[in-house]
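K.L.:
Take the sequence shown: its position 199, counted from the start at 1, is 199 in UniProt numbering, and no numbers get skipped.
Beta carbons: idealized from backbone N, C-alpha and C, even for Gly.
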Amino acid sequence: MPDFGLSGPNLDFKKPDLNLSGPKLNSGRPAPPPDTALPILRSCDTSLPAHLSPVRTWVQTLMNPSDEPLGLTELHPDVFAVPPRLDILHQVEIWQKNFKRISHAKTKVRSEVRGGGRKPWRQKGSGRARHGSIRSPLWRGGGVSHGPRGPTSYYYMLPMKVRVMGLKVALSSKLAQDYLHIVDSLDIPTPDPQYLTELIKQKHWGQSVLIVDV
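1. Alpha carbon to alpha carbon, how far is G147 from M165? Give it in angstroms, no decimals.
2. In three-state terms, what does DSSP make of E74?
3. Three-state secondary structure (DSSP) at R42?
4. Assuming N64 contacts Y154 (C-beta within less than 8 Å), just tell me the rounded distance between them.
5. Is it right to say R135 is buried, meaning 16 or more other beta carbons lie within 10 angstroms of its own, or is it exposed?
6. Go ahead and label I211 buried or exposed: buried means 16 or more other beta carbons lie within 10 angstroms of its beta carbon, across all protein chains shown.
7. Counting C-beta neighbours from all protein chains within 10 Å, is the total for S27 16 or more, i.e. buried, or is it exposed?
8. Taking V169 as part of the alpha helix (DSSP H), name the residues at either end of that continuous run.
9. So, under 8 Å CB-CB, P137 and V144 are touching, yes? Tell me the CB distance rounded to an integer number of Å.
10. Taking Cβ positions, are L70 and V59 nearer each other than 8 Å?
11. What does the alpha-carbon distance come out to for the pair V214 and T73?
12. Report the rounded CA-to-CA distance for T46 versus D78, giving the unit in angstroms.
13. Could you give the distance in angstroms between the alpha-carbon of K168 and the alpha-carbon of V113?
14. What did DSSP end up calling T152 once you bin it into helix, strand or coil?
15. Compare the beta carbon distance of L158 and V92 with 8 Å and say whether it is the shorter of the two.
16. Apart from the five residues on each side of it in sequence, which residues of its chain come closer than 8 Å, Cβ to Cβ, to I88?
17. Suppose contacts are defined by Cβ-Cβ distances below 8 Å. Is R110 in contact with W121 by that definition?
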């Protein structure tokens with residue numbers, strides 16, 4: 001009987017070293033250390049439980065293209081340190097696509113189709129199936145039974161807790177992936193819109209940037 005390493009001195013019950021942590025986020029901006037010389041421009045004033053601590057991140061500026069941070073800001077962990085929930089994000093995305101959707105698809109029933117006022121042939125004696133009108137759904141070009149009768153609204157209301165949770169998960173994911181940047185103000189040194197375009201390109205913020213003033 002061949003030996004497959006299941007008996008004798010080759011028997012090894014050690015668990016294989018599996019890397020189940022997944023790929024690490026490759027962020028071009030390192031996370032701020034807990035003890036840094038930079039000032040904290042905005043601190044989290046809300047009282048937190050003992051097991052939670054504020055999330056610190058860099059504060060940048062739009063006045064120059066430099067990547068040097070001005071300081072730190074503290075974010076609330078209930079908003080910016082939420083575990084990822086893809087199911088919640090999927091529910092919110094589907095709701096946002098459908099709650100304003102209106103379908104105008106409409107088909108004609110047999111009473112709206114043109115023609116077919118008389119009986120196509122007599123009831124008995126012809127050997128063919130009996131019919132009373134060519135507007136029947138059984139006929140080609142006739143009416144449609146159980147078809148869409150638009151406009152149809154796909155509106156439904158998602159619970160507020162689910163919507164808020166989806167926003168928290170999205171903000172936490174963007175911050176963890178280094179896609180969320182905080183600036184000290186929205187003031188720029190010139191009204192030229194090309195300046196903002198070049199600034200975003202030099203800071204490597206991506207092709208699509210959403211600026212939110214809170």
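P.N.:
Put simply:
1. 38 Å
2. strand
3. strand
4. Contact doesn't hold; Cβ gap of about 47 Å is too wide.
5. buried
6. exposed
7. With a pLDDT of 44 at S27, under the threshold of 50, the predicted position of this residue should be treated as unreliable, though the coordinate-derived value follows. Under this definition S27 is an exposed residue.
8. M160 to A176
9. 6 Å
10. yes
11. 14 Å
12. 11 Å
13. 52 Å
14. strand
15. yes
16. V162, M165, G166 and V169
17. no
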